[in-house]
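Below: one structure, written as structure tokens.
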Amino acid sequence: MTTLTEWLRDPSPSSRAQARLGQLWLGWLRFRRNPMAMLGATIVVLLLLMAAFAPWVAPYDPITQNLAERLKPPMTGGHLMGTDEFGRDIFSRIVWGSRVTLYIVVLVAVTAPVFGMLIGTVAGYAGGWVDQVLMRITDIFLAFPKLILALALVAVLGPGIENAVLAIALTSWPPYARVARAETLTVRNSDYIAAVQLQGAGPVRIILGHVMPMCLSSVIIRVTLDMAGVILTAAGLGFLGLGAQPPMAEWGMMISSGRKFLFEQWWVATMPGLAIFIVSLGFNLLGDGLRDVLDPRSAGK
Amino acid sequence: MTRMTAPDISSPRPPSQIARRFKRVASVVLALFATFLGLLLVTFIIGRVVPIDPVLAVIGERASQAQYEAAREALGLDKPMWQQFGIYVWNALQGDLGQSLLTRRPVAEDIARVFPATLELATIATIFGILAGIPAGVLAATRPGSWIDQLVRLIGLMGYSMPVFWLGLMGLLLFYGMLGWVGGPGRLDAVHEMMFELEVRRVTGMILIDTALAGQWEMFRNAVSHIILPAGVLGYYSMAYISRMTRSFMMNELSQEYITTARVKGMPEWRVVWVHALKNVMVPLITVIALSYANLLEGSVLTETVFAWPGLGLYITNALFSADMPAVLGGTVVVGLVFVGLNMFSDVLYRLVDPRAK
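Chains as they are written, first to last, in this note's numbering: chain A, 1327 to 1627; chain B, 117 to 474.
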């Protein structure tokens, strides 16, 4: 172990990979000092594990109904969090629901930032009327409150989990475009870009290979901070019945089905909400921690 | 060698500055109009992509071909797309957002009827948010790292992580179901609801003001007990945002030199913090408050569903489930417009209040 940390801390790294890994190591050390960020990272890792090993973690099938066992309170008959109106084990449904949540989060995290970065870097690098047009479009999308635009889009596309993802992605790219454009403007006139230009690189190559990597760290921070928002929006769509459709286990939808029994069987609506709360909290803490590590400007705060 | 002339303070503002200010206002108005056009374009496109045939929705399934064509023409759907968009914009500028398929009334009229309820809820929520958020933020900023700072941070983080509809349900469970401290869903108890229709004249559409004007204090108290929970839930989110921003603005302000000067002069600490620093923090806070007000409109969609609150959010969701696209899109345009308007308003206000803003 000591040799590995020494290799990582080497003040004169012998290869590019060593330098990069060394930087990562230092970042990790800084990250580890922040207990809240570590808590967030732990929650996110647990979520990933829970989703990956759902069939083994969940004691019951999430979809099979068992009407003899309906609306059992928590901690009775082997049901940790009780059962819902169809006798399905709520804990098992929450465990399987983590897959749905992750599916939505990952799809949005893969599409929206990439699209936003593309728009932002092109606008920033090209300047002139291209910049004007692209940024006006971005402003228009920013002008809609996210959830309302997503609602209108889902109303058109029809309810369903893929359409919910599409609607959320279509409403969440503008901030990334803004961030990427701002970063692009700061590097556009720097010497290294001029050097690449002199070597004869075209705009596509410059944007993809030399501008975009500079935007990555600020975009990644934003993505992590936005993940909680994506989870909440997805849950909101599910709650309104516009996201995942029954009998799929989705947390927002589970809360909405528990509404009918709120005053008599409180656990049906409460438990999935706790799951959403803990997972969003995890992403928020992780995002805050990552910002402190990756963005030196806010490190002191 | 030219001699520097002292700026003439007594003369009114040089015309160039007035012109510049006028230009700035003009550019704001122009940007507002462009965004409005963009909003309409987006809803127009959404409305055209929708798989529901707007003609069939109006005349029903069993109409003859001739009736169909007539209705199609009457709706202007036989014209080219750009012309349809032009008509759409022209109508919207005159306040015509089409007719709701569900209520058979103009969408604009429907929205005018439900909007005050949302406005009332959002206003009370924002007042809660300001009253709790600003002191919390200031306290946290004056004692960074203390337990109070941690607590404010924790409360804020929880606000960013909780689904608003779930918090609403939990509030109902605790304060209505178990403790019975507040009224349940809706704006009034069922008994008062009927009396309200008969005895209270609709002046503003806001239930607290209307019942007070009518002198129905029994009903007023009932309305207060109903609004306090949804407004509290929304206010919590507004507080989370306002306290976080207040803290960071305040931290920045307290490190300024004039604060040190004031302290060195021997000014009491409460005066330094709550009068000198807070005064300067209020300027950027105006923007924050306007933004949080705008965000509450979004939160209201889910909150109004949970609390059966007859506002714009509930109107949009109800329209959604009856495939009433004109109502959905009309509601979307109005919310977008209010959103943009509040942003612009805060921007302009900021420039007016803060002489440093250029």
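The beta-carbon is built from N, C-alpha and C at its ideal position, and this holds for glycine as well.
Verify the CB distance criterion: does leucine 1620/A have a CB-CB separation below 7 Å to chain B? no
Quick one, which of Trp198/B, Gly214/B, Gln210/B has its alpha-carbon nearest alanine 190/B's? Gly214/B
Compare the Cα-Cα distances from leucine 146/B to each of Arg467/B, Gly253/B, Leu468/B, Val456/B and report the closest residue. Val456/B
Per-residue contacts from leucine 314/B into chain A (C-beta, under 7 Å): By Cβ distance, chain A contributes nothing, its closest Cβ being about 30 Å from leucine 314/B, past 7 Å.
The stretch 1379-1387 of chain A in contact with the stretch 1540-1548 of chain A per 3-pair CB rule at 8 Å: no
Consult DSSP for aspartate 265/B and reduce its assignment to one of helix, strand or coil. helix
Would you kindly work out how many angstroms separate the C-alpha atoms of tryptophan 206/B and tryptophan 1422/A, rounded to a whole number? 50 Å
Short-range partners of chain A found in the stretch 273-292 of chain B, where Cβ spacing is below 9 Å: Leu273, Met274, Tyr276, Ser277, Met278, Pro279, Val280, Phe281, Trp282, Leu283, Leu285, Met286, Leu288, Leu289, Tyr292
Based on DSSP bridge pairs, tell me the residues matched to proline 222/B. Gln215/B
When the distance is taken between beta carbons, is isoleucine 1416/A closer than 7 Å to methionine 1597/A? yes
Given that a residue counts as buried once 16 or more other Cβ atoms are within 10 Å of its Cβ, and exposed if not, what is threonine 320/B? exposed
Would you check whether the ligand MG has a heavy atom nearer than 6 Å to the C-beta of tyrosine 1386/A? In terms of ligand content, the structure shown is empty, and the ligand MG therefore cannot be addressed.
Step through the CB atoms of chain A and report whether any lies within less than 7 Å of the CB of threonine 258/B. no
The alpha helix (DSSP H) enclosing aspartate 1465/A, as first and last residue numbers: 1454-1469
Given a threshold of 16 other Cβ atoms within 10 Å of its Cβ, counted over all protein chains shown, does glutamate 309/B qualify as buried or as exposed? exposed
Length at least 4, wholly inside the stretch 1334-1387 of chain A: the alpha helix (DSSP H) runs in chain order: 1342-1358, 1361-1378, 1380-1383
Once you ignore the five residues that flank valine 1434/A on each side, which residues in its own chain have a CB closer than 7 Å to its CB? Val1491, Ile1494, Ala1495, Ser1498, Val1556
7 Å CB neighbourhood of isoleucine 1581/A in its chain, flanking five on each side removed: Phe1565, Ala1595, Pro1598, Gly1599
Own chain, CB closer than 6 Å to alanine 252/B, minus 5 neighbours either side, in chain order: Val268, Ser359
I believe threonine 1550/A touches glycine 1613/A by the beta-carbon criterion, under 8 Å. Please report the beta-carbon distance rounded to the nearest angstrom. 4 Å
In its own chain, which residues sit with a C-beta less than 8 Å from the C-beta of threonine 317/B, not counting the 5 before and 5 after it? In the sequence as presented, threonine is not what sits at residue 317/B; that position holds arginine. These residues qualify, in order along the chain: Asp326, Leu329, Ala330.
Shorter than 7 Å from the beta carbon of phenylalanine 1441/A to some beta carbon of chain B? no
What three-state label does DSSP hand aspartate 305/B in the structure shown? coil
Between valine 1537/A and threonine 1510/A, what straight-line distance do the alpha-carbon atoms span, to the nearest angstrom? 6 Å
Does tryptophan 1593/A pass the burial test, meaning 16 or more other C-beta atoms within 10 Å, or should it be called exposed? buried
Below 7 Å between beta carbons: does that hold for isoleucine 227/B and valine 450/B? yes
Applying the 10 Å Cβ sphere with the 16-neighbour rule, what's the burial state of tryptophan 1577/A? buried
Using DSSP's beta-bridge definition, name the partner residues of threonine 1409/A. Asp1415/A
Do you know how far the Cα of leucine 1397/A is from the Cα of phenylalanine 461/B? 51 Å
Closest to threonine 1427/A by CA distance: which of Asn1610/A, Ala1575/A, Tyr1502/A is it? Ala1575/A
Tell me, please, whether the stretch 429-439 of chain B touches the stretch 380-393 of chain B by the rule of three or more beta-carbon pairs shorter than 8 Å. no
Can you find a CB in chain B that lies within less than 7 Å of the CB of asparagine 1610/A? yes
Give me the DSSP bridge partner(s) of threonine 1402/A. His1405/A
What residues in the stretch 400-419 of chain B have a beta carbon less than 9 Å from any beta carbon of chain A? Ala410, Asn411, Leu413, Glu414, Gly415, Val417, Leu418
Could you pull out every residue in the same chain whose Cβ sits closer than 7 Å to the Cβ of aspartate 265/B, ignoring the five residues on either side in sequence? Ala256, Arg259
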